[in-house]
Amino acid sequence: MSPEVVTLSDAILFSLLSLALITGCAWLLDSRRGKDRVIFGMILIVMLLNYLYFRITKTLPDFEWSAYALWPRAYLSFEIVVIFYTVLSIVFFFRRTDHSAAADASELTIAGAASPPAVDVFICTYNEELSILERTILAAKAIDYQNFTVWVLDDGRRDWLEVYCTEVGVRYLRRGDNVGAKGGNLNNAIRQSAKETNAPFILILDADFAPQRAILKRTVGQFADPGIGLIQTPQFYYNADPVQHNLLASKAWVDDQRIFFDVMQPSKDGWGAAFCVGTSCIVRRDALGLIGGMPQETVTEDIHLTYRLLQKGLKTRWLNERLSVGLSAESLSGYITQRCRWCLGTIQVALLRDGPFFGRGYTFLQRLHYFHGLLFWFCRPFILLLMAAPILYYFLGLPAIQMEPEAFFLYALPMVGGMWVFHAWVSGRRSMPLFTEVSQMVSAIPITIALLHALIHPFGRPFKVTAKGEDRARVDVLYPIAGTFLLVIILTFMGMLNGPLMGTYNDLDGFSVAWGVVVMVYAFVSLLVCIELPREPLDSIRFPLARQANLARDGNRMPCTVDTISISKAEITLHDNRTAGLIRAGDIVIFSPFADFDVAARVSGVDRLRLGLSMSIVAVRDRRYDWEIRQSAEDVRRKMIQRLFSEMPQAMPARAYPLAAIRGLWRRTFDRPSKLAGSIEKHAVSVRSRHALLRWQRPRDLAPRVPLLQIGAASAAPPPLAE
Numbered sequence: 063m064s065p066e067v068v069t070l071s072d073a074i075l076f077s078l079l080s081l082a083l084i085t086g087c088a089w090l091l092d093s094r095r096g097k098d099r100v101i102f103g104m105i106l107i108v109m110l111l112n113y114l115y116f117r118i119t120k121t122l123p124d125f126e127w128s129a130y131a132l133w134p135r136a137y138l139s140f141e142i143v144v145i146f147y148t149v150l151s152i153v154f155f156f157r158r159t160d161h162s163a164a165a166d167a168s169e170l171t172i173a174g175a176a177s178p179p180a181v182d183v184f185i186c187t188y189n190e191e192l193s194i195l196e197r198t199i200l201a202a203k204a205i206d207y208q209n210f211t212v213w214v215l216d217d218g219r220r221d222w223l224e225v226y227c228t229e230v231g232v233r234y235l236r237r238g239d240n241v242g243a244k245g246g247n248l249n250n251a252i253r254q255s256a257k258e259t260n261a262p263f264i265l266i267l268d269a270d271f272a273p274q275r276a277i278l279k280r281t282v283g284q285f286a287d288p289g290i291g292l293i294q295t296p297q298f299y300y301n302a303d304p305v306q307h308n309l310l311a312s313k314a315w316v317d318d319q320r321i322f323f324d325v326m327q328p329s330k331d332g333w334g335a336a337f338c339v340g341t342s343c344i345v346r347r348d349a350l351g352l353i354g355g356m357p358q359e360t361v362t363e364d365i366h367l368t369y370r371l372l373q374k375g376l377k378t379r380w381l382n383e384r385l386s387v388g389l390s391a392e393s394l395s396g397y398i399t400q401r402c403r404w405c406l407g408t409i410q411v412a413l414l415r416d417g418p419f420f421g422r423g424y425t426f427l428q429r430l431h432y433f434h435g436l437l438f439w440f441c442r443p444f445i446l447l448l449m450a451a452p453i454l455y456y457f458l459g460l461p462a463i464q465m466e467p468e469a470f471f472l473y474a475l476p477m478v479g480g481m482w483v484f485h486a487w488v489s490g491r492r493s494m495p496l497f498t499e500v501s502q503m504v505s506a507i508p509i510t511i512a513l514l515h516a517l518i519h520p521f522g523r524p525f526k527v528t529a530k531g532e533d534r535a536r537v538d539v540l541y542p543i544a545g546t547f548l549l550v551i552i553l554t555f556m557g558m559l560n561g562p563l564m565g566t567y568n569d570l571d572g573f574s575v576a577w578g579v580v581v582m583v584y585a586f587v588s589l590l591v592c593i594e595l596p597r598e599p600l601d602s603i604r605f606p607l608a609r610q611a612n613l614a615r616d617g618n619r620m621p622c623t624v625d626t627i628s629i630s631k632a633e634i635t636l637h638d639n640r641t642a643g644l645i646r647a648g649d650i651v652i653f654s655p656f657a658d659f660d661v662a663a664r665v666s667g668v669d670r671l672r673l674g675l676s677m678s679i680v681a682v683r684d685r686r687y688d689w690e691i692r693q694s695a696e697d698v699r700r701k702m703i704q705r706l707f708s709e710m711p712q713a714m715p716a717r718a719y720p721l722a723a724i725r726g727l728w729r730r731t732f733d734r735p736s737k738l739a740g741s742i743e744k745h746a747v748s749v750r751s752r753h754a755l756l757r758w759q760r761p762r763d764l765a766p767r768v769p770l771l772q773i774g775a776a777s778a779a780p781p782p783l784a785e
């Protein structure tokens, strides 16, 4: 317990001063400077260790073989795991790398090379629809590099995909079985491609990750360092993950992996322990030969690959640049399946004979970093204990922590507040209280179950592919997890009424009421995440462009801003009120949303008050490759996909916006899901090939051979391009 000489008012004052110190550090220090990270980090570590010392020495009852004494110790043991993981994370944050200069040098080297090294681009697929695959395939074909071959590795053995690959001019590979899952698929491609191209470098892409044009120029030249076996780039997404989407926070908060990719991995790279994440990575073919190919003993072949390379003295370099964009899990069930697979795979690699714990050739730091990653998953059971603790106290009289209010303000509140502020600071405002924790809570139960299964029976489980391109046309509820959170809310509220609010008040009651209220808030927000809102069709996702351009119609050129663009539609804001009156619905206008790329679009709506135009794209011309006008629906679609997904604008927020997130959460809480879903179109995914093309009828005023910049008016002058 806290010393009797400390009054509640003194404790509150101390807490306020501590939080002021933490806030001052965040205000005055710069998270980009290593020295500042050390200063701030050490302050927080002192707070954590001070709290831990107090917990161990002052908050436990005398030991005896009873639930009253054992339950607090069980709770403390998991709390120690979380604190140890946090302290390690803070220490790892002390270092951080930035290889942008090396990427710049690589780009210059490749640009000046008469014949750059050959690269095989492997696109791994199993059951994805063409609507997803075509984005990756067409973007891969648009990579700005002279010497590469695109291979589609189809573990689903689909004839229509082979036909499509022939149409667009990429290689197609299949095998007779699915042994080794993704690792086995890659090994088959390594063997087959060695007979034909035998490129010294291999770019690995998941089916839903579209590479950006510069990905090879920014990476291949860095392999001049013989110590690099693999270069990994981060995963970025063009759609909201289930937590963002279901809390209406897709424009207010980052996806839950942003901190890992943008903060944790550059820090691990600073310690020489960054690891492969399975897609958007470039690996040496000879390095794969040294280790016998891609590992396929676990369900996470990516991190296993890194550690096998480390045994051979080859490191994984983390290049923290946005060089690919992918599709995040669209459903909460897919989101959870993905994380349970990562959890299982992390444990599998740890238990292997050549793994980082039992294998030879690893340094102490490399083993420690892997242990840190393992602790991440073992922190999940603590979330369940945190939710259960008030209920056990209300109904059974078992306190998890024996803490007076004075002690809470002296030790706990400064520590918790310090962690929130530090994580927001060190992550560049990517972390946000409540939302960050909820993203962990919704998967805590399945991951805890997966942990237990992995510890009992770690091997022999099938590889589960994360579902992508699902039909998300209706409100859906993940009932098992939603029911659990609802039960937590009901039991906590009933116990609170039955116990401290109606019973005899004491110091522990006040602490337990505050704890119960926090648990109910977190459980309620997690419950909202489990009630999944519909999503718009993938083809209808509009990407923010904000590109200055010129609009051409009937010889008139009008300055404008291309606000948003999708595969088939665009929204434009005109700058001149006078010229806006010249445009009517049904007109054909011309503009350039990308460099050397012209679009003809039919105006479908005019907002004269806001000078806004909505339009449907009907023809395109990509001057980067040729001057041919593409008018058929399929040709237009493919060209739009290729340019849009190979030069993807930033679609998701780069940091958190708390006020916008709170407004979205307020609306999500008080509006019915059916009302929120009312404006969202139904999502229908169809398989298309040369035998199943979209039906499209050419507009009667769009002649086949009319120059694109003269569509709609014979005298129209070409508009200056917004390049």
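Mapping to our numbering: the sequence shown position 206 is 268, numbers consecutive.
We treat Cβ as the ideally placed atom computed from N, Cα and C, and that holds for glycine.
The beta carbon of Ser329 sits closer than 7 angstroms to those of Phe154, Phe155, Arg157 and Arg158, all from its chain and outside the five residues before and after it, given in chain order.
For Phe457, the uninterrupted alpha helix (DSSP H) run begins and ends at Arg442 to Leu458, by DSSP. Phe656 is positioned such that its CB atom lies no closer than 8 angstroms to that of Ser628. Between Arg135 and Phe263, the gap from beta carbon to beta carbon reaches 8 angstroms or more. Straight-line measurement puts the Cα of Leu265 at about 41 angstroms from the Cα of Ser666.
Between Asn382 and Ala608, the alpha-carbon positions lie close to 24 angstroms from each other. Burial is judged here by how many other beta carbons sit within 10 angstroms of a residue's own beta carbon; Leu636 has at least 16 and is buried.
Contact annotation: Pro711 and Ala314 have beta-carbon atoms that are not nearer than 8 angstroms. In summary, Thr69 is exposed, with fewer than 16 beta-carbon neighbours lying within 10 Å of its beta-carbon over all protein chains present. Under a 10 Å Cβ-count criterion, Phe732 is classified as exposed, with fewer than 16 other Cβ atoms of the shown protein chains found around its own Cβ.
Take Val483, set aside five residues on each side of it, and the residues of its chain with a beta-carbon closer than 7 angstroms to its own are Ile84, Thr85 and Ala88, in chain order. For Ser77, the uninterrupted alpha helix (DSSP H) run begins and ends at Leu70 to Leu90, by DSSP. If you draw a straight line from the Cα of Tyr300 to the Cα of Ala391, it is about 11 angstroms long. With fewer than 16 other CB atoms across the displayed protein chains lying within 10 angstroms of its CB, Lys374 is exposed. Of the candidates Val339, Ala469 and Arg415, the residue whose Cα lies closest to the Cα of Arg401 is Val339.
Gln610 and Gly578 have their C-alpha atoms some 52 angstroms from each other. Of Ser71, Gly245 and Tyr397, the smallest CA-CA separation from Thr341 is found for Gly245.
In this structure, the alpha-carbon of Ile518 lies about 35 angstroms from that of Arg253.
Per DSSP, Lys374 is not a residue of any beta strand (DSSP E), being assigned neither H nor E.
Looking only at Thr281, Met481 and Ala175, the smallest Cα-Cα distance to Leu496 is reached by Met481. Phe444 sits away from Glu196, with the two beta carbons spaced by 8 angstroms or more. In the structure shown, Ala261 falls within a coil segment according to DSSP collapsed to helix, strand and coil. In this model, Ile634 and Ala180 are separated by some 41 angstroms (Cα to Cα). Here Leu675 carries a strand assignment [DSSP, helix/strand/coil].
Distances from the alpha-carbon of Trp213 to those of Phe184, Ala201 and Leu192 put Phe184 closest. Within the same chain, Cβ atoms closer than 6 angstroms to the Cβ of Met356 are found at Gly245, Leu248, Asn249 and Glu363, the five residues on either side in sequence being excluded.
Ala451 places its beta carbon less than 8 angstroms from that of Tyr137. Under DSSP, Lys631 forms a beta bridge with Ser678. Per DSSP, the beta bridge partners of Ala663 are Val651 and Ile679. Here the C-alpha atom of Ala647 lies approximately 13 angstroms from the C-alpha atom of Arg615. In this chain, the alpha helix (DSSP H) harbouring Gln704 covers Ala695 to Ser708. The C-beta of Tyr456 has 16 or more other C-beta atoms within 10 Å across all chains shown, which makes the residue buried. In chain order, Ser630, Val661 and Ala663 place their CB closer than 6 angstroms to the CB of Ile679, counting only its own chain and leaving out the 5 sequence neighbours on each side.
Ile293 is not a Cβ neighbour of Ser386, given a cutoff of 8 angstroms. Shown here for Asp638: same chain residues with a beta carbon closer than 7 angstroms to its own, the five before and five after excluded, namely Met620 and Pro621 in chain order.
Rounded to the nearest angstrom, the gap between the Cα atoms of Val143 and Tyr432 is 15 angstroms.
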